[in-house]
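Quick notes on the structure that follows.
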Amino acid sequence: MTVIPSAMGGASIALVLCLTAPVFAADDGAMAIVNAYKTKYEEAVASKDAAKLADLFTQDAVFQNPAGVFKGRTAIHHYREGGFKAGVEKEDISIAGAEKAGDVIYDYGDTTIHINSKSGPKELKLHWGAVLTKADNDWKMTLLTATPMAAPKSQ
Numbered sequence: 136m137t138v139i140p141s142a143m144g145g146a147s148i149a150l151v152l153c154l155t156a157p158v159f160a161a162d163d164g165a166m167a168i169v170n171a172y173k174t175k176y177e178e179a180v181a182s183k184d185a186a187k188l189a190d191l192f193t194q195d196a197v198f199q200n201p202a203g204v205f206k207g208r209t210a211i212h213h214y215r216e217g218g219f220k221a222g223v224e225k226e227d228i229s230i231a232g233a234e235k236a237g238d239v240i241y242d243y244g245d246t247t248i249h250i251n252s253k254s255g256p257k258e259l260k261l262h263w264g265a266v267l268t269k270a271d272n273d274w275k276m277t278l279l280t281a282t283p284m285a286a287p288k289s290q
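Count along the sequence shown from 1, then add 135; that gives the number in this note's numbering.
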């Protein structure tokens with residue numbers, strides 16, 4: 136603690152804190168890994184290849200969204216295959232954040248799914264959260280949750 140005389144003739148007390156802990160904002164490589172994964176995911180959706188997309192998930196992955204809970208790579212494959220048949224064309228993913236702890240990354244953001252259905256083009260906007268795990272030098276999704284964005288409030 137240091138006592139510093141003030142311009143008013145009195146004394147002010149200034150407390151100086153020294154931080155000895157590491158800075159947690161340091162780049163842990165999570166965003167680079169997640170951005171590379173995002174590219175693979177968007178490419179798999181654009182190619183309409185449900186098997187390629189399902190391969191980005193672990194065997195025991197869980198995908199929860201407004202349509203239900205899909206457990207395992209096979210269930211996710213069938214769900215996404217149905218989506219492609221229903222007109223899913225592409226997905227635009229934005230990543231809001233990612234953190235890494237060892238061989239686990241949790242990340243979150245928003246996505247817009249572009250659908251060309253029989254009733255015309257639609258966009259489905261969702262918030263998502265995911266957990267990636269590393270196995271055999273490859274990152275796979277273990278958990279993906281997606282919830283619809285609230286409609287903008289009219290003023």
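Glycine included, each C-beta is placed from N, C-alpha and C at the ideal position.
{"Query": "Identified DSSP bridge partners for Q199", "Result": "V204 and T280"}
{"Query": "Segment contact flag, the stretch 227-237 with the stretch 201-219, C-beta cutoff 8 Å, min 3 pairs", "Result": "no"}
{"Query": "Residue(s) in a DSSP beta bridge with T193", "Result": "Its beta-bridge partners do not exist; DSSP assigns none."}
{"Query": "For K288: DSSP bridge partner residues", "Result": "None, per the DSSP bridge assignment."}
{"Query": "Buried versus exposed, by CB contacts within 10 Å (16 or more), M276", "Result": "buried"}
{"Query": "Reduced DSSP secondary structure (H/G/I, E/B, other) of K253", "Result": "coil"}
{"Query": "From K173, K220 and R208, residue whose alpha carbon lies closest to that of K253", "Result": "K220"}
{"Query": "Among K288, A165, K235 and K173, nearest to W263 - alpha-carbon criterion", "Result": "K173"}
{"Query": "Three-way DSSP call (helix, strand, coil) for V158 in this model", "Result": "Note that V158 scores 34 on pLDDT, short of 50, meaning its location in the model is unreliable; the coordinates nonetheless yield the value given after this. Coil."}
{"Query": "Spatially closest choice to Q194 from T209, K183, K175 and A181, by CA coordinates", "Result": "T209"}
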